[in-house]
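The structure appears below as structure tokens.
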Amino acid sequence: MSTALRGSTLLRHGLFFLALALVLLLLTSFVFDAYTNYNVTEVAIYAISAAGLTVLTGINGQVSLGHGALMMIGAYTTSVLLTWHPDLPMILMLLVSIATTGIAGAIVGIAGARLRGPYLAGATLALAVALPQVPSHFASVFGGNQGLTVVSPAPPAFLGANFSPEQWLAWITLAAAVITFFVLANLVRGATGRRFRMVRDNEVAARLAGIDVARTQVLAYMISAACAGLAGSLFAYWVTLTSPSGFTLTLSLSLLTAVVIGGLGSLTGAVLGSFVLVYLPVKTGDLATTLNLPSNIANNVPTAIYGIVLIVAILVFPRGIAGGIASIVRGAGRIVRSSRSPAALPASPESPSQ
Amino acid sequence: MHLFLIYTVDGITNGMVYAAVALALVMIWRATRIINYAQGAMAMFTTYIALIVIRHGAPYWLGFVVALATGLVIGAVTERVLVRPVESRPPLNAVILSLGVLILLEAIAPMLFGGQTQSFPVPVSNTDLLVGGTSLDISPFALFTIGAVLIAMLLLFLVFQRTTLGLRMRAAAFNPEIARILGIRVGRMLTLGWGLAALLGALAGMLAAPSVYLYPSNMDEVLVFGFTGAIIGGLESPVGAVAGAVGVGLALSYVSGYVGSDLAPLGGFAILIVVLMLRPQGLFSFGRQRQV
Amino acid sequence: MRPEISRSRTLAVAAAGGAAALLTAACGSSTPTSTSNTASAPGITATQVTIGSTQPLTGPAAPGYSEIAPAANAYFKYVNAHGGVNGRKINYTYLDDQYNPTSTATQTHKLVLQDQVFAMFQALGTPTHLSVVSYLNSNHVPDLFVASGCNCWNNTSQYPETFGWQPNYTIEGKILGQYIAQNFASKKVGFFLQGPNDEFGTDGFTGVTDALQGKSLNVDATPAYYTPTAAGAMAVGAAIAGLQAQGVQVIVSFSVPLFTAIAEASAAGLNYHAQFVVSNVGSDPPTLAGILTGGALGKKLPAGLIGGTISDTYLPLLTTSANPWVTLFKSIEATYAPSLPWDGNVEYGMSEAFTFVQALKAAGQNPTRASIVAAVESSHWADGPGLTPYAYSSSDHNGFTGVQMVTVDATGNLTTLGPVETTDDTASGAINTFSGAASTPPASGIPSD
């Protein structure tokens, strides 16, 4: 049993994510109130999208400043279909949104595979600004600036009258997040992940090893976009509205900063970064309110602190929260082990070199 | 036909504002291989400072000079304190750092100056000139905008091409190792480069504010359009940046005039994609290896 | 397993309820003046009523509108200082949504789920509030006096909890249209609207075109639109140039103040001297002057920029200081919100707060969400700050039903043009001159029972 467990990544991941799902089920059911469930849903939505971005930027090395635009495609896929056929089941909406956004991601990826560095960054940034103008202009299909209203799914009757819609959406979203992370964790550990990393680390070497670089990059974009599509669809149900105003430049930039702050290239980092993204403003906002600051200051304290956190994190913990925790754990391990083996661990290549 | 003329003048005038931002981005890119996403926010900040100076009864031109000087200082300090530690790190570090500065500045501005949208004064009239009752479709302020950016370009060109300081800055940017061997204080040159770029950004802020109005995120889209112009121009070339930015300005103006104002950003995106698909390094970038 | 979950939840809820009841009892006993007050609804304790709102405190709609909620809050402070309503103080929580419908949605969830407001009050904006109106109604949260003139708030079957307050944009548009037909019959009429597909713009457009129907006016049927964003601000010049090229002489504008200001400045920049006819919500002269002169820049408003603009009002004119409502609100402002300027937004905020206090008083000693909705529907309040009475009934959730035309002079002073007129929002509904007397506020400044 124990050797089977150690041998099969799939099995190990399966058990871990099953346990995680159970913990989340218990938390959302017994511990969280409606507003916490509402916020946790937001964390899970960002985490799904950030996980996709982690695969793209952290593991495959392609930067995207326009992931909000991809989430928008998922959200509009769901909302437009629901406008036409309000009774379509949510699970179908999620799957269709994954598919349409995945296809859109492939198109962006084909264009993006020709671009490097700031050129790719600039193109995705322009996408983030330009794409929301499409639903704004073509109002007959997309509802213009007003957007399209989405009805949040009602919990099934057998869960009882006290079961809130917020709780139900939290269940669904967390389930989607657990499945997404399970799939991505396996993918990242497997051959595909290795190809992604080789392309990131050295394109020429990857090519010599027989890897089709462009195809790998397009695949990474597709997977990343599929995650954004799922997140976008869930976002539509969460906000109960899909309008261009939901997919601002700020969303795209926030996703990238969340990925980096959490720890670039680490799926755990995507979750941690999403927590920071949602809860830092909530907590610092509460703090600003209790301090009774004037409203023009109090309203901006959360954003200012987020900016400071970003700057400090980059200067002090360039590998994000996940990297920071890992190095603390490693450091502790080193102290424990140092009595036995004098050889210190090699310095991490990403650590700051002054 | 008359409308076409109006849209063209609008496009060129806005394009020159984007060009100032594009030039600033190109300067920093050439010096430190970093895109400064906080360029627009820095310009917003210096424009607020100009507004405060003007509100205290000082003439417009004093506000103008203060804004540019503040830009120089903010740019230099940012480079020295924040950017220097990440210059040698993977590029994403600098991206996130400048996004952090952007977010921080846009949060501090409403704390200091209020989050309200405010109008911003012009030094010369922004009513179109009339000759014998016929409109020339261009206002003195539009002429000032175009002229100011052209003069700034010319001055920069002279500094870089005709002075020893310019030569040193170019050497520091082009090959820091060799420059260091030659006794050039590379760090100082980079700091100065960032300062000059932010000064240029501050000029863009002053020129944009009368038409986009002044509020904490008023330069976000100006930055995106300036960046788009810089990329179209190839990031390496100042001339390319200006040409690209004016092209973006014209595209936005025509799309918003003839198709629909809400589709304007899509017009900018469309020409960016067409250019990049034909030339992934932009129009004015010659023979350089692709940057990873 | 599932029944267990729901049973434990019920237990938890019961326990929480019990704790709340104990807490309430404790509070109740500590306030001897209102021993019969109970926590009769979410957001209501024996001593406090918590209401919530979303407001554009920053962003493109903030100039002017950001004063509305602080002004309303100043009125509530006045009421609270005079004993509150049935011994309860009004606690008004308004959150910034930046006029962004997505953040309206998230902020409203916060107000309902975390702050547990008793009711929403004066939530501002058409596109913004439309994003949450279904949510509020399905959760039976009273949605009182939306600060927007969308016809959509009067929909008693779909939105039984939602009430408008100001005359809706179609009513307003019809009366503006009638004035245009009577006074600018020989001119070409065009439109500058928030949109496309924004009910603010389309409802107003409908009203004006209804009134112009059958009249032989030259109308440019394709409106110029603006998007209330930063990129939208840059594109206004092109839109106005388009109207100029079409030879439009009268521009009917349903726009928020910032965009009215940009449109008027753009027209001036093009040497284009069109007659502006602007919806009330976008025409407040102090707000426009503030935007156009950069607040305290100390410069005079460029002559002719807003002078000559035609608009309408449904509240007493700001500048008639002899009006008892104006006197009352100005004195409250001087004490409770001295940093606000005296302008149409402040008058609006205080007037709406007055209506809310009327409703809360009418909802009984221990109001419930149902009782306040019923109170507004059966109100028949005679005295309100509006120029016309409220239209509220169980089948009508519109507020005021008419406006009076006004004109702005070069220094920003308002003058009325003709009588107060009322109508409905149907295409054929006649426009009538209102014959009722102007109301006066109660001596205490607080609605009597």
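Chains as they are written, first to last, in our numbering: chain V, 1 to 354; chain H, 1001 to 1292; chain D, 2001 to 2449. Beta carbons: idealized from backbone N, C-alpha and C, even for Gly.
{"Query": "Taking the continuous beta strand (DSSP E) assigned at THR2422 (chain D), which residues delimit it?", "Result": "2414 to 2422"}
{"Query": "How long is the line joining the alpha carbons of ARG1279 (chain H) and LEU65 (chain V), rounded to whole angstroms?", "Result": "21 Å"}
{"Query": "If distances are taken between C-alpha atoms only, which option among V:LEU234, V:ALA50, V:TYR119 comes closest to VAL96 (chain V)?", "Result": "V:LEU234"}
{"Query": "For a cutoff of 8 Å on Cβ pairs, would you count ILE1231 (chain H) as touching chain V?", "Result": "yes"}
{"Query": "Exposed or buried, what is GLY2282 (chain D) when buried is set at 16 or more other beta-carbons lying within 10 Å of its beta-carbon?", "Result": "buried"}
{"Query": "Mind the definition here: the region 42 to 58 of chain V touches the region 213 to 230 of chain V only if three or more C-beta pairs lie below 8 Å; say whether that holds.", "Result": "yes"}
{"Query": "For the candidate residues D:TYR2272, D:ASP2143, D:LEU2176, D:LEU2130, whose alpha-carbon lies nearest to that of ASN145 (chain V)?", "Result": "D:LEU2130"}
{"Query": "Can you give the Cα-Cα distance for ALA2374 (chain D) and THR2355 (chain D), rounded to whole angstroms?", "Result": "15 Å"}
{"Query": "ASP1010 (chain H): buried (16+ other C-beta within 10 angstroms of its C-beta) or exposed?", "Result": "buried"}
{"Query": "Closer than 7 Å by C-beta to GLY2247 (chain D): which residues in its own chain qualify, once you throw out the five before and the five after it? Chain order, please.", "Result": "LYS2188"}
{"Query": "Helix, strand or coil, according to DSSP, for ILE2044 (chain D) in the structure here?", "Result": "strand"}
{"Query": "Beta-carbon within less than 7 Å of THR2433 (chain D)'s beta-carbon, same chain only, minus the 5 sequence neighbours each way: which residues are those?", "Result": "PRO2419, GLU2421"}
{"Query": "Going by beta-carbon coordinates alone, are GLY1202 (chain H) and THR1046 (chain H) separated by less than 8 Å?", "Result": "The amino acid at residue 1202 (chain H) is misidentified as Gly; the sequence shows Ala. Closer than 8 Å, so yes."}
{"Query": "Excluding the five sequence neighbours on either side, which residues of its own chain have a C-beta within less than 7 Å of the C-beta of GLY2232 (chain D), listed in chain order?", "Result": "TYR2226"}
{"Query": "In the structure shown, what three-state DSSP assignment does TYR2225 (chain D) receive?", "Result": "strand"}
{"Query": "Measure from the alpha carbon of LEU1192 (chain H) to the alpha carbon of each residue in H:ARG1170, H:GLU1177, H:ALA1043, then state which is nearest.", "Result": "H:ARG1170"}
{"Query": "Here's the rule I'm using: 16 or more other beta-carbon atoms within 10 Å means buried, otherwise exposed. How should GLU2172 (chain D) be labelled?", "Result": "buried"}
{"Query": "In the DSSP assignment, the alpha helix (DSSP H) including SER2266 (chain D) goes from what residue to what residue?", "Result": "2257 to 2269"}
{"Query": "Who are ALA2119 (chain D)'s beta bridge partners in DSSP?", "Result": "D:ILE2051"}
{"Query": "What's the C-alpha gap between ILE1054 (chain H) and SER1119 (chain H)?", "Result": "12 Å"}
{"Query": "Can you have a look at SER2030 (chain D) and say buried or exposed, based on whether 16 or more other CB atoms are within 10 angstroms of its CB?", "Result": "In this predicted model, SER2030 (chain D) has a pLDDT of only 40, less than 50, meaning its place in the structure is not dependable; the value taken from the coordinates is given anyway. The residue is exposed, with fewer than 16 neighbouring Cβ atoms inside 10 Å."}
{"Query": "List the residues that DSSP assigns as beta-bridge partners of MET2405 (chain D).", "Result": "D:ASP2312, D:LEU2417"}
{"Query": "Take the Cβ of ILE107 (chain V) as the centre, count every other Cβ of all protein chains shown within 10 Å, and call the residue buried at 16 or more, exposed below.", "Result": "exposed"}
{"Query": "Would you check if the region 1261 to 1280 of chain H and the region 2213 to 2229 of chain D touch, i.e. whether three or more CB-CB distances between them fall below 8 Å?", "Result": "yes"}
{"Query": "Is there a Cβ of chain V sitting closer than 8 Å to that of GLU1236 (chain H), yes or no?", "Result": "no"}
{"Query": "For ALA2430 (chain D), count the other beta carbons within 10 Å of its own beta carbon; 16 or more makes it buried, fewer makes it exposed. Which is it?", "Result": "exposed"}
{"Query": "Under three-state DSSP, which class holds LEU15 (chain V)?", "Result": "helix"}
{"Query": "For the beta strand (DSSP E) holding ILE2251 (chain D), just list the boundary residues, first then last.", "Result": "2250 to 2254"}
{"Query": "Can you confirm whether ASN299 (chain V), when its beta carbon is compared against all beta carbons of chain D, has any partner nearer than 8 Å?", "Result": "yes"}
{"Query": "Name the two residues that bound the continuous beta strand (DSSP E) containing LEU2193 (chain D).", "Result": "2188 to 2194"}
{"Query": "If you run the structure through DSSP and keep just helix, strand and coil, what is LEU169 (chain V)?", "Result": "helix"}
{"Query": "Beta carbons nearer than 9 Å to chain D: which residues of the region 1025 to 1050 of chain H have them?", "Result": "none"}
{"Query": "Which ranges would you report for the beta strand (DSSP E) in the region 2064 to 2125 of chain D if only whole runs of at least 3 residues count?", "Result": "2089 to 2096, 2119 to 2121"}
{"Query": "Note down, in chain order, every chain H residue with its Cβ under 7 Å from the Cβ of LEU148 (chain V).", "Result": "Here the premise fails: no neighbours, minimum Cβ distance about 17 Å."}
{"Query": "Under 8 Å, do TYR1048 (chain H) and LEU1214 (chain H) count as touching if we go by C-beta distance?", "Result": "yes"}
{"Query": "Please name the residues in the region 1092 to 1108 of chain H whose beta-carbon is closer than 8 Å to at least one beta-carbon of chain V, in chain order.", "Result": "LEU1092, ASN1093, VAL1095, ILE1096, LEU1097, LEU1099, GLY1100, VAL1101, LEU1102, ILE1103, LEU1104, LEU1105, GLU1106, ALA1107, ILE1108"}
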